[in-house]
Amino acid sequence: MTHIKEIVVVSGKGGTGKTSLTGALSSLFRDKVIADCDVDAANLHMILQPEEVLQTKEFTGGKKARIDPDRCTKCGICREVCHYDAISEDFVVDTVSCEGCGACYFLCPAKAVNFSTRLAGYCYVCSTSGNGRFVFAELLPGEENSGKLVAMVRNETRTEAEKTGSNLILIDGPPGIGCPVISSITGTHLAVVVTEPTPTGIHDLKRIVELAHHFQIKAALVINKSDINPQYVQEMKQYCEEKGLIYLGEIPYETQITEAQKEAKAILDFAPECVASRAIREIYTKLQSILEEL
Amino acid sequence: MRDTNIAFASGKGGTGKTTVAVNLAYFLAYSQQQVQYLDCDVEEPNGHIFLKPEMDLKTPAKLMVPVIDQKKCTFCGECSAHCQFNALVTLPKNVLLFPELCHGCGLCVRICPENAITEGEREIGYIENGRAIHGIEFIHGVLNVGEPMAGPLIQEVKRQYKKQYVRIIDAPPGTSCPVVKTIADADAVVMVTEPTPFGLHDLKIAVSVAKNLGKPIGVAINRQNGEFPPLVTYLLKNNLPVIMVLPENREIARHYSMGNILLQTLPIYIDQFMELAVNIGRLLGKTKCRW
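These protein sequence lines are chains H and P, in that order.
Last residue of the first sequence: 476 (the numbering used here), numbering continuous.
Last residue of the second sequence: 294 (the numbering used here), numbering continuous.
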């Protein structure tokens, strides 16, 4: 079971084309399980259009404190011990500020604090037509612990891969470099970074590559919308060489991609012969040979 | 519009939050308003790329972390049993701390029966202050690479609020706790979206986050290229006002890719931002402030 390889698609900056690329690669790779780890704003299911939800699992998030006014003696200890200023002068807990540390709960002399978990999201294992198993999740709006839900998605995905005898897991990651991203990339074999040739693109690219290297994960680069600014493409290729990244290729700006998005279709199905689709097939071929060496 | 917090969120990444926020800040500052720009996307802060502030202060952001006196420790396990974040593990002759899991709540310090734990600090990133074009006060937080605790750094950025200013707050993408922390004290939230099924899907989640917090919401549509009927239907049904529309335009993309403030190099879009400012004023009228 250790022969399962995991590839994660990340970007640092949002909106560079992670999901479009993952969606396209999903229809090219055989024998794989696909995971959407962007649990805040999952989109891949809109392209893959799962046939059937095989399993729905509830995700319980962290605990939150609530003060029972009937038992509260207004002694003020909770306000004193709370590092997050989450308790008001009239002893009401602000659930936005509450981190769920339990300090007020454990230290309240009147035992007036309730401290319980609540439903924070769902994780779905699905079947798709032609794309194999697909796992994604929905964090309830505004909830915490997205990193933990990502871990749940990844566990379910591994279980599915073992069950179905798949040797590849393809993960669509969240934007950023924080908690859910760390949870998405740790233990993977390759991070495919999708960037765009803009100053924000290169700024965020450097931070996500640093993150991958911090966790000793090999990184590969795809430059999307590559013809917007050739100067940055050059700079990115140079950066790639300096940092020893694998250069997977570039996808030119293609209006068909926007059209495909509007219909929530993978670009390879929508316009199989457009320049972007051809570029993605080349990237896929390179990925295949890299996979053999991983 | 003084002393107001205007937050920019989106759900989906890359819809143009920073572009809209930066240009509104520019427009307001150009119109003689006192503007503070706070970049709360601490994982990937980008506002400085366009506003190019001259930074004059860099402060490390720290989070409390326990320091365990192994001599006093009896390895009773109380600290690790109480820690909600699994940041402490008690072994027979040692207590291990996983600093990146620690939320700095200080419960272990208070719960230890031997008083063997004291409060230390660790760096999670830094805050930079500077001044940008037309006197815009600029602040951003930059999270250390490998550090998962974005929340406390966002709080740190928000401690820098300047009174009497219009505060433009750029939120991170997504719909979970960092976004909630960022928009929690906003007087109005501008949702920047794009007219695609993905943009709309994520917009709906972001709107419900802001609605749960009771915020007035306006929607800015970026990269509009003909009407996207499902978006129009959703906005109408939920009574959400469209407060700005920017067209899909290669020139805008090109200027963005050069790191330009749009209004500086493509001033023809000034009408859109004037309209945005007026519409935000209307949104605020529903709460506490007026122009």
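Note that beta-carbon positions come from the ideal geometry of N, C-alpha and C, so glycine has one too.
#1: When you check each C-beta in the stretch 346 to 364 of chain H against every C-beta of chain P, which residues fall closer than 9 Å?
#2: Do you know whose CA, among P:K240, P:I224, P:L286, lies nearest G19 of chain P's CA?
#3: To the nearest angstrom, how far is it from the Cα of C108 of chain P to the Cα of A90 of chain P?
#4: With distances taken Cα to Cα, identify the nearest neighbour of I120 of chain P among P:N242, P:I130, P:F78, P:M152.
#5: Alpha carbon to alpha carbon, what distance is there between A461 of chain H and V335 of chain H?
#6: Could you check what DSSP says for P181 of chain P in three-state terms: helix, strand or coil?
#7: Using 8 Å as the Cβ pair cut-off and three pairs as the minimum, do the stretch 124 to 142 of chain P and the stretch 59 to 77 of chain P touch?
#8: For the alpha helix (DSSP H) holding L473 of chain H, just list the boundary residues, first then last.
#9: When you compare the CB positions of C290 of chain H and A247 of chain H, do they come within less than 7 Å of one another, or not?
#10: Excluding sequence positions up to five away, which residues of its chain have a Cβ less than 6 Å from the Cβ of G196 of chain H?
#11: DSSP three-state label for N337 of chain H, please.
#12: For chain H, check one thing: does any of its Cβ atoms lie closer than 7 Å to the Cβ of S34 of chain P?
#13: Determine whether the beta carbon atoms of K239 of chain H and D354 of chain H lie at a separation below 7 Å.
#14: Can you check the stretch 103 to 176 of chain P for any beta strand (DSSP E) of at least 3 residues that lies completely inside it and give the ranges in chain order?
#15: So C82 of chain P packs on I114 of chain P, CB below 8 Å; how close in whole Å?
#16: Residue ranges of each alpha helix (DSSP H) run of no fewer than 4 residues wholly in the stretch 247 to 274 of chain H, ordered along the chain?
#17: From which residue to which residue does the alpha helix (DSSP H) around M277 of chain P run?
#18: What do you get for T268 of chain P, buried or exposed, if any count of 16 or more other CB atoms within 10 angstroms of its CB means buried?
#19: Would you report the Cα separation of I351 of chain H and T370 of chain H, rounded to the nearest angstrom?
#20: In chain H, what lies closer than 9 Å to I264 of chain P by C-beta?
#21: Which complete alpha helix (DSSP H) runs does the stretch 196 to 254 of chain H hold, if anything under 4 residues is left out?
#22: Can you check whether the C-beta of A247 of chain H is within less than 7 Å of a C-beta belonging to chain P?
#23: DSSP on I52 of chain P, reduced to helix/strand/coil?
#24: Around the C-beta of A12 of chain P, are 16 or more other C-beta atoms found within 10 angstroms, so that it is buried, or is it exposed?
#25: Please report how far the alpha carbon of Y33 of chain P lies from the alpha carbon of T199 of chain P, in whole angstroms.
#26: Would you mind giving the Cβ-Cβ distance between L3 of chain P and N132 of chain P, rounded to the nearest angstrom? I have them listed as a contact below 8 Å.
#27: Is F316 of chain H helix, strand or coil by DSSP?
#28: Chain C beta carbons: is any one of them nearer than 7 Å to that of N8 of chain P?
#29: Is H185 of chain H buried or exposed, if buried means 16 or more other CB atoms sit within 10 Å of its CB?
#30: Going by beta carbon distance, what residues of the same chain come within less than 8 Å of N241 of chain P, once the five residues before and after it are set aside?
#31: With distances taken Cα to Cα, identify the nearest neighbour of Y306 of chain H among H:A394, H:S471, H:C219, H:V192.
#32: Taking the CB atoms as reference points, tell me whether E140 of chain P and K161 of chain P lie closer together than 7 Å.
#33: Can you round the beta-carbon distance between V275 of chain H and I249 of chain H to whole angstroms, since I take them to be within the 8 Å contact cut?
#34: Rounded to the nearest angstrom, what separates A153 of chain P and E103 of chain P at their Cα positions?
#35: To which residues of the same chain is L487 of chain H closer than 6 Å at the C-beta, ignoring the five residues directly before and after it?
Taking the definition as stated:
#1: Hits within the stretch, in order: P356, P357, G358, I359, G360, C361, P362, V363, I364.
#2: It is P:I224 whose Cα lies nearest to the Cα of G19 of chain P.
#3: A direct Cα-to-Cα measurement between C108 of chain P and A90 of chain P gives close to 11 Å.
#4: Nearest option by C-alpha distance: P:F78.
#5: Approximately 30 Å, taken between the alpha carbons.
#6: In this structure, P181 of chain P counts as helix in the three-state DSSP scheme.
#7: As far as the Cβ criterion goes, the stretch 124 to 142 of chain P touches the stretch 59 to 77 of chain P, which means the pair count is three or higher.
#8: From DSSP, the alpha helix (DSSP H) with L473 of chain H extends over 457 to 475.
#9: No, Cβ-Cβ distance for C290 of chain H and A247 of chain H is not below 7 Å.
#10: Counting only Cβ-Cβ distances below 6 Å, and skipping sequence neighbours, we find P357.
#11: Of the three classes helix, strand and coil, the one that applies to N337 of chain H here is helix, per DSSP.
#12: Look at S34 of chain P: its C-beta is not under 7 Å from any C-beta on chain H.
#13: Using a Cβ distance threshold of 7 Å, K239 of chain H and D354 of chain H do not count as a contacting pair.
#14: Secondary structure remark: continuous beta strand (DSSP E) runs of at least 3 residues inside the stretch 103 to 176 of chain P, in chain order: 120 to 135, 139 to 146, 169 to 173.
#15: So it is a contact: roughly 6 Å between Cβ atoms.
#16: Taking only runs of at least 4 residues, the alpha helix (DSSP H) segments lying wholly in the stretch 247 to 274 of chain H are 259 to 263.
#17: Looking at the DSSP string, the run of the alpha helix (DSSP H) that includes M277 of chain P is 273 to 288.
#18: A residue is called buried when at least 16 other Cβ atoms come within 10 angstroms of its Cβ; T268 of chain P does not meet this threshold and is exposed.
#19: Each residue's alpha carbon lies about 9 Å from the other.
#20: Correct list: empty, because the minimum Cβ distance to chain H is about 12 Å.
#21: If we require 4 residues or more, the alpha helix (DSSP H) runs fully inside the stretch 196 to 254 of chain H come out as 200 to 208, 226 to 230.
#22: No, no contact with chain P.
#23: Residue state, collapsed to three classes: helix.
#24: Only buried fits A12 of chain P, as 16 or more other CB atoms lie within 10 angstroms of its CB.
#25: Taken atom to atom, the span from the alpha-carbon of Y33 of chain P to that of T199 of chain P is near 33 Å.
#26: What is shown of chain P runs 4 to 294, which leaves residue 3 of chain P out entirely.
#27: Reduced to three states, the DSSP call for F316 of chain H is strand.
#28: In summary, chain C is missing from the structure at hand, where the protein chains are H and P.
#29: Label assigned to H185 of chain H: exposed.
#30: Taking N241 of chain P as the centre and dropping the five residues before and after it, the same chain places the C-beta of V210 closer than 8 Å to its C-beta, in chain order.
#31: For the residues H:A394, H:S471, H:C219, H:V192, the minimum Cα distance to Y306 of chain H belongs to H:C219.
#32: No. Outside cutoff.
#33: The Cβ separation is near 6 Å, so the contact holds.
#34: Straight-line Cα distance between these residues: approximately 11 Å.
#35: Absent from the model: residue 487 of chain H. The displayed extent of chain H is 183 to 476, so no value can be given.
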